[in-house]
Each structure stands twice: as structure tokens, then as C-alpha cells.
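Chains as they are written, first to last, in the numbering used here: chain U, 264 to 668; chain F, 182 to 445. All remarks here apply to the structure that follows.
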Amino acid sequence: MSLLSVQNVGKAFRTYSAEWKRFARWFGLPLKPSEEHWVLRHISFEINSGEAIGFIGQNGAGKSTLLKIITDTMRPSEGKIQVKGRIAAILELGMGFNPELTGRQNVFHAAGLMGFSADQIQQAMQGIEEFAEIGEYFDTPVRTYSSGMQMRVAFAVATAYRPDILIVDEALSVGDAYFQHKSFDRIMQFRREGTTLLIVSHDTNVIKKLCDRAILLNNGVVIKEGVPEQVMDYYNVLIAQKENATIIQNSNGGRTETIAGTGEAVFSNIVLYNSEGKRAKLIKVGEPVELHFTVTVMKSIDSLVLGCGITDRLGQMMFGTNTWHTGQILKNAKEGDVYIYKVAFVANLGIGSYAVHCSLVENHTHMYKNFEWRDGTLIFEVVNVDKEFFVGCMWNKMHFEIEKK
Amino acid sequence: MFGMFRSLWQYRHFVLSSIRNELVSRFARSKLGGLWMIINPLSQVLIYALILSNILSAKLPGIDNKYAYAIYLMAGLLAWNLFSEIISRCLTLFIEQGNLIKKMSFPRITLPAIVIGSCGLNNILLFISMLGIFALLGHQFSLTMLWLIPLTFIVIILALGIGLILGIMNVFLRDIGQAFPIIFQIWFWFTPIVYPENIIPESYRHWLVLNPMYAITNAYHQVLVYNKAPNMDSLINTAAIAVVLALLSLFLFRRASAEMVDVL
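Here you go:
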């Protein structure tokens, strides 16, 4: 059996026309609630030990409810959850901290709330104190702490014992930059030791970087599950999606291309030219290149903005902008018009495979009207031909000077 | 039901540290700290004693200590205080701890356990300070006071039963939290605590049997004022009511705790 198995889980919030009906139901009277509001329905997935899963979805998609059900603070209305092992959650750091008590006393209390015995807490106490790194403050009342210090202590307790499943919410940002790194390292260490991570985030990069698999929730159902990059593209499109928009995902040399939009204007051709003006799939580091987008207007529109950018093989945006920001908005595009956008830039990119992301929208964001949206279109390789060896995802000439004293 | 107590045992450390923390935070930044918990009921005794002793002292039968009325008051309030403190805390327990209940996974049964522990502790402190006052007033002590141990248990079980039932319903129907203090006030005055039962007209006195707290305050009076063993018959009735209510409350608790999270 897998570590965590969620089988056909659903959650309904029930309201009754009168509260006595609710009370009567506890005693087994077969009364019907006046309204059932389903926030989760038919959720099923299996998670194995050592995996990292990202949960994504818009606000109100049901992520928090699902996590509450997994952590057993809320009970599902239907379906079954089976968990093997201990779950810890970094959701509500500092829950139940008493401001009048010292950090140490609060640690004792919080670890007790997690179900640990006095002995176990004593054993872990020193580790917690060292990890929090707040010095003498550890023995002063929590009300004298800064919010960052309180977070440090709270994080240290929450992760004092390696859980089998660790749930990490939104903010992986605990305290200052130094502590963020430290807490992140701890999470990564847990993962290496076999802890399964369940990560909830709106941050595309976090999900792409950390997760093996992503689950996209929308209106209480799982609408997509799979490789993070693919799911995140789908998610981005979902945000942009308007009525009558269609989503197509097709495989494009190992990567998935996602096309969506309402279709008032479409890309009819996308070509990448190298510095010699030839169509190219292989680009040299630092080479000046040009992207040509041919756009056909299918229906007259007031305003047209083209956006484009380059994403790496994990789908992370390297750079990108649009014609709204450059002040080149096309007004009153007529049906049948064809425009060619020529975008010139220097490929100061690190070695690897890249894709073009492009969109046709009405305004500066894709939240308003989204005519066409393409992720993972036009794959090209960047190779190092004439530069010295370098590492990283971008190329930048580094000039060294050595002086002897 | 059995699982409930097992998880309570697993979380015993949490319960104990919560009770201790409550005590510690009460003392934090206050000179008298937890003493306020005792000063409050004692000042109540003082007020009643000052205002009512002249009216009522003549009617307290069978005791010749001139402070008899004050002792009588203290005995009754010792019982009532424990009773009312547990109930009023249980009444808002789940609402106040709503955030914790919604966001952390832990056995909910620990919450009422903490209430009982901390109210019980207060009651012991109150009792000790009352003993000191008894000594000052020249009142006799005897081993009959050991009766207080089972009596306290009955009060706790009765209060827990009523408090939990109301506390659970209060989550869904907040009117209960508003209405109960009023009912509680009436209940207090319908129980012979401030006045001796013999001032109630003979023809109405048999109604007292319907009040489960009557048997308890009566027993406290017997033990603390008259140094006599309490009347077992009425006490057993009350104990039976207490156990039935407590079982009912635990049953409700099991049924409702899932739904409570949904509406908190």
C-alpha cells in the first residue's frame, strides 16, 4: 500500500433549516440537511514514500480543505483516507503559542500538542533551541519576540521530528533570508531521508523546482495530475481562460505545448532566425537572434498586445515582456489583417534547451482577454561555441583582473 | 469511547502542561496572580455575609458559632463555584479554541480535560484558603471532610455533563451561550447557598429535590458546617443524573466533533 491513499474523497458543508435537526441527526433521526455544499468531490490519488507533490489551484479550489482532511483536522463526508506514518504540517506556525510563556515553555507545549511525551521533547529541546538560533530570547516570554523570531521557534518545533509526510503551505518564507535558506535546507534534508512532501503554492517556480508531480484542483475536483511543468502550464492557461476558450496540449519533442485562447487573433507562424538570418534550432551563446511572429486577426478587436518570453526546460521564465510595456499596442485591428512582429534579442543564455512562450492579449495582463496563449512552443538549443566555459542559466562576460601584492 | 480515553492518556503530557501554563500565565505580570481566583469568591462571601447575615443568621439552626452564616456561605460557594466555573468554561470552550481545532490535529477530548484540571486546581486552592478562614473563625475540623473528595467528583461529573452538552450545542446555536448565564443566575438563587433551606415555605420545599445541585450543596453544608456525613439517598440520585449526563455528553461529543470543525 502507498504511504497516503485518498480514495474518492468528498467534503460537503451541510446547513439545516433549523439547528435542532442537526442535533436530532446525532441521535440517528433520518433528517435531511436543507442544503449541501460540496467543496470537494471524487478526489482520488496515491502518494508514495519519498515523493514531492505540489497542490495548485486558484483560491477556493479546495486545497486547504483537502489538506485539512489529510491532516485529520476535518473529516471527509464521503470516501476514505489511509495514512501510514506521522504527518506534520507547516501550515499555521505558532498556533497556540502563549505570549506570556517563554520560548522554551511554548516549545514544550507545542510539541505536546503534536503528541510527544515529555521525554521525547526533552531530547529534542536542545536541537530546537540550536535550530531557532534566537540566543537568550529562548528563555524570555514570547511577547518580547519579533514576528520573525516567533516564526523561527515555531518552525523549529514543527520540524523537530522528521515526519513521514510534511505538508508545506504557501510561504516557504520563514523569517529572514538566512533562516529561509536554513528552513529550506531542512525540508530538503527530510526529503532525502525519505519524507514525502506535500506542497501548496501559487508559485510556479517552487512547484517546478521541488515537485515530482503536481495535482491541479479546480472547483473541488482534480482536473489535472502529472509532471509539474505540464500541470503548471495548464494552470496558467486556466487562469487566463475565458468563456469559449479551448485548451490543446500536444507533445512537441518531449515537451508539451499548450495552446489556449478565445481565438480573435492567432499565431499563424513562429520562426527563430539566427545571426545569419537563417531559420535555426541551434543557437550559440551570446548570438543576436530574431523571433518572427506572424499574427492573423480573425475578428476585429480594439486593442492587441503581443507578449513573449523564453522559458527553460523546467518552464521557468528566463526573461520576457510585451508590447504594452514597450508602448506598441495595436489599435483597431481589423478582421483579416496579418501582422509580423520581429523581436530581436541576444541569446545570453546558459547551455540547454529552451522554449518560446508567447501570447496575444488585449491588455497588459492575460487576466482580461486572452486571444491566444502558447506555452512550450518552438524549442531551441543553446550551445557554447566561442565562449569560455561557464555555469548557470545565463551568460555574462566576466572580466578577471589579478594583481599581486 | 475507549479510544477517546486512550488518546487522552497519550496526550496526558499536553494536558498537564496546558494546566500548568494556564496557571503560569495567570501569575505573569500580576502581583497577586492566581490569588485573584480565590479573592473573587471570598469577596463574594464577604459581601453576602455583611449584607445578609443580620437578616438570616438567626435562622441558621443547630449551630452556635456567631460566624455560622459565613461558614455556611463558604461551604455552598465552594461547591457552586466549581460547578459554575466548569460549566461556563465548557460553554465557550470550543468557540474559543476554534482556531486550534480547525488547524491542528489533536484529540479534542483534551480540551475539557484541561478545563477540569484547571478548575479542580482552583477549587483546591479555594478550599485551602477557606480552611484557613475556618480556623480563624474558630470552626471545628474533622475527618468527615474526606467526604469532599467523592462530592467534588460528583460536582465535576455533573458540571462536565451539562457543560459539554451546552458547549457543543453553543457552537451551532450561539444563543445558548447568551441564554445560559441568565438561567444560571436563576439556578443559583433557587439553590440554598445564600440562604438556609428552612426559609423556603414548607409547601414548596419538596420541589428542591428536582434540583440536582441541591443534594450537593446540602451535602457540602452537612460536611463543612455540621461535620456530619451527607444524606446518601439524594446524593446517589444526583450522582446517577451526573453519570447519565456525562455519558450523554461524551456521546454527543463523539457525534459532533466532526461537524464542529465545519462550522467553527
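We put the beta carbon where it would ideally sit given N, CA and C, even for glycine.
### Delimiting residues of the alpha helix (DSSP H) encompassing residue 416 of chain U
Along the first sequence, one-based indexing puts residue 416 of chain U at 153. The continuous alpha helix (DSSP H) containing residue 416 of chain U extends over residues 410 to 421.
### Task
Count the C-beta pairs between the segment 585 to 601 of chain U and the segment 545 to 564 of chain U that are closer than 8 Å, then say yes if the count reaches three, no if not.
Counting C-beta pairs with one atom in each stretch, the segment 585 to 601 of chain U and the segment 545 to 564 of chain U have three or more that are closer than 8 Å, which means they touch.
### Query
In the segment 558 to 598 of chain U, which residue ranges form an unbroken beta strand (DSSP E) of at least 3 residues, counting only runs that do not cross its ends?
As far as the segment 558 to 598 of chain U is concerned, its whole beta strand (DSSP E) runs of at least 3 residues are 564 to 575, 580 to 585, 593 to 596.
### Query
In chain order, what residues of the same chain have a beta carbon less than 8 Å from the beta carbon of residue 272 of chain F, not counting five sequence neighbours either side?
Locating residue 272 of chain F in the second sequence gives position 91, where the first residue counts as 1. Counting only Cβ-Cβ distances below 8 Å, and skipping sequence neighbours, we find 344, 347, 348, 351, 357, 358, 361.
### Task
Report yes or no: do three or more beta-carbon pairs, one from the segment 258 to 275 of chain F and one from the segment 305 to 320 of chain F, lie closer than 8 Å?
Contact between the segment 258 to 275 of chain F and the segment 305 to 320 of chain F is present, because at least three Cβ pairs lie under 8 Å.
### Task
For the alpha helix (DSSP H) containing residue 299 of chain F, list its first residue and its last residue.
The residue labelled residue 299 of chain F in the question sits at position 118 within the second sequence. Here the alpha helix (DSSP H) through residue 299 of chain F covers 291 to 317.
### Contacts around residue 409 of chain F, its chain only, beta-carbon distance under 8 Å, and the 5 residues preceding and following it disregarded
Within the second sequence, the letter at position 228 stands for residue 409 of chain F. For residue 409 of chain F, where only same-chain residues beyond five positions count, the Cβ hits under 8 Å are 325, 403.
### Query
How would you list, in chain order, the residues of chain U whose beta-carbon sits under 9 Å from the beta-carbon of residue 441 of chain F?
Position 260 of the second sequence, counted from the start, is the residue given in the question as residue 441 of chain F. Correct list: empty, because the minimum Cβ distance to chain U is about 10 Å.
### Query
How about residue 339 of chain F and residue 426 of chain F: do their beta carbons lie closer than 8 Å?
The residue given as residue 339 of chain F occupies position 158 in the second sequence. The residue given as residue 426 of chain F occupies position 245 in the second sequence. In terms of Cβ geometry, residue 339 of chain F and residue 426 of chain F form a close pair [threshold 8 Å].
### Task
Within the same chain, show all residues whose beta-carbon is closer than 7 Å to that of residue 582 of chain U, passing over the 5 residues directly before and after it, in chain order.
Locating residue 582 of chain U in the first sequence gives position 319, counting from the first residue. Within the same chain, residue 582 of chain U has close Cβ partners 572, 573.
### Contact list for residue 380 of chain U against chain F, beta-carbon separation under 7 Å
Along the first sequence, one-based indexing puts residue 380 of chain U at 117. Chain F residues near residue 380 of chain U: 194.
#### Entry: Closer than 7 Å at the beta carbon, the chain U residues around residue 436 of chain F
Position 255 of the second sequence, counting from 1, holds the residue named residue 436 of chain F. Under the 7 Å cutoff, chain U gives 289.
### Task
Examine chain F for any beta-carbon lying closer than 8 Å to the beta-carbon of residue 336 of chain U, and answer yes or no.
As a working mapping, residue 336 of chain U is identified with position 73 in the first sequence. Chain F contact via Cβ: present.
### Query
Is residue 337 of chain F near residue 267 of chain F, with beta carbons less than 8 Å apart?
Translated into the one-based positions of the second sequence, residue 337 of chain F becomes position 156. Translated into the one-based positions of the second sequence, residue 267 of chain F becomes position 86. Result yes, Cβ atoms of residue 337 of chain F and residue 267 of chain F sit closer than 8 Å.
### Query
DSSP state of residue 668 of chain U, grouped into three classes?
In the first sequence, counting from the first residue as 1, residue 668 of chain U sits at position 405. It is coil, neither helix nor strand.
### Task
Take residue 321 of chain F and list the residues in its own chain whose beta-carbon comes closer than 7 Å to its own, dropping the five residues that flank it on each side.
Here residue 321 of chain F refers to the residue found at position 140 when the second sequence is read from its first residue. Answer for residue 321 of chain F: 408, listed in chain order.
### Message
If I follow the unbroken beta strand (DSSP E) through residue 425 of chain U, where does it start and stop?
### Response
Residue 425 of chain U sits at position 162 when you count from the first residue of the first sequence. Per DSSP, residue 425 of chain U belongs to no beta strand (DSSP E) and is neither H nor E.
### Message
Which residues of the segment 581 to 598 of chain U have a Cβ closer than 8 Å to any Cβ of chain F? Give them in chain order.
### Response
Correct list: empty, as no residue qualifies.
### Task
Would you check if the distance between the CB atom of residue 363 of chain U and the CB atom of residue 209 of chain F is smaller than 8 Å?
On the first sequence, position 100 is the one that residue 363 of chain U refers to. On the second sequence, position 28 is the one that residue 209 of chain F refers to. Yes, Cβ-Cβ distance for residue 363 of chain U and residue 209 of chain F is below 8 Å.
### Message
Short of 8 Å in beta carbon distance, which residues of its chain neighbour residue 402 of chain U, apart from the five on each side in sequence? Order them along the chain.
### Response
Residue mapping note: residue 402 of chain U aligns to position 139 of the first sequence, counting from 1. Here the set comprises 365, 366, 367.
### Query
So which residues of chain U does residue 283 of chain F contact, with C-beta pairs closer than 7 Å?
In the second sequence, the residue the question calls residue 283 of chain F occupies position 102. Those within 7 Å of residue 283 of chain F in chain U are 336.
### Reference residue 334 of chain F, options F:391, F:441, F:424, F:226, closest by Cα
Numbered from its first residue, the second sequence carries residue 334 of chain F at position 153. The shortest C-alpha separation from residue 334 of chain F is found at F:424.
### Message
Given this structure, state the Cα-to-Cα distance separating residue 569 of chain U from residue 580 of chain U, to the nearest angstrom.
### Response
To locate residue 569 of chain U, count along the first sequence from 1; it is residue 306. To locate residue 580 of chain U, count along the first sequence from 1; it is residue 317. Each residue's Cα considered, the two are about 16 Å apart.
### Query
DSSP state of residue 443 of chain F, grouped into three classes?
In the second sequence, the residue the question calls residue 443 of chain F occupies position 262. It is helical.
### Task
Can you say whether residue 664 of chain U is buried or exposed, counting buried as having 16 or more other CB atoms within 10 angstroms of its CB?
Within the first sequence, residue 664 of chain U is the residue found at index 401, counting from 1. Residue burial annotation: residue 664 of chain U is exposed, with fewer than 16 other C-beta atoms found within 10 angstroms of its C-beta.
### Task
Could you list which residues in chain F have their beta carbon closer than 7 Å to that of residue 286 of chain U, in chain order?
If you number the first sequence from 1, residue 286 of chain U lands on position 23. Neighbourhood of residue 286 of chain U in chain F, by CB distance below 7 Å: 350, in chain order.
### Message
Using DSSP's beta-bridge definition, name the partner residues of residue 621 of chain U.
### Response
Start at 1 with the first residue of the first sequence, and residue 621 of chain U comes out as number 358. In DSSP, residue 621 of chain U forms a bridge with U:571, U:637.
### Query
Can you tell me whether DSSP reads residue 656 of chain U as helix, strand or coil?
Locating residue 656 of chain U in the first sequence gives position 393, where the first residue counts as 1. Three-state result, residue 656 of chain U: coil.
### Task
Jot down the residue ranges of each uninterrupted alpha helix (DSSP H) in the segment 321 to 372 of chain U, minimum 4 residues, whole runs only, in chain order.
Runs of the alpha helix (DSSP H) inside the segment 321 to 372 of chain U: 326 to 333.
### Message
Considering only the alpha carbon of each residue, which of U:426, U:443, U:311, U:391 lies closest to residue 419 of chain U?
### Response
Counting from 1 along the first sequence, the entry for residue 419 of chain U is found at position 156. Residue U:391 is the option with its Cα nearest to residue 419 of chain U.
### Task
Determine, using beta carbons only, whether residue 430 of chain F comes closer than 8 Å to chain U.
Taking the second sequence and counting its residues from 1, one reaches residue 430 of chain F at position 249. No, because no Cβ of chain U sits closer than 8 Å to the Cβ of residue 430 of chain F.
### Query
Checking contacts by CB at 8 Å: is residue 442 of chain U closer than that to chain F?
Here residue 442 of chain U is taken as the residue at index 179 of the first sequence, counted from 1. No, residue 442 of chain U lies away from the interface with chain F (no Cβ there is under 8 Å from its Cβ).
### Task
With DSSP as the reference, please indicate the residues paired to residue 612 of chain U in a beta bridge.
Within the first sequence, numbered from 1, the residue matching residue 612 of chain U stands at position 349. According to DSSP, residue 612 of chain U bridges with U:657.
### Task
Report all residues from its chain with a CB closer than 6 Å to the CB of residue 276 of chain U; omit the five preceding and five following residues, and keep chain order.
For this step, residue 276 of chain U is matched to residue 13 along the first sequence. Within the same chain, and ignoring the five residues on either side of residue 276 of chain U in sequence, the residues whose Cβ sits closer than 6 Å to its Cβ are 300.
### Query
Roughly how many angstroms separate the alpha carbons of residue 458 of chain U and residue 551 of chain U, rounded to a whole number?
By 1-based counting over the first sequence, the position of residue 458 of chain U is 195. By 1-based counting over the first sequence, the position of residue 551 of chain U is 288. Linking residue 458 of chain U to residue 551 of chain U through their CA atoms gives a straight-line distance of about 46 Å.
### Query
Fully enclosed by the segment 428 to 502 of chain U, which beta strand (DSSP E) runs are 3 residues long or longer?
Whole beta strand (DSSP E) segments, 3+ residues: 428 to 431, 459 to 463, 476 to 481, 484 to 489.
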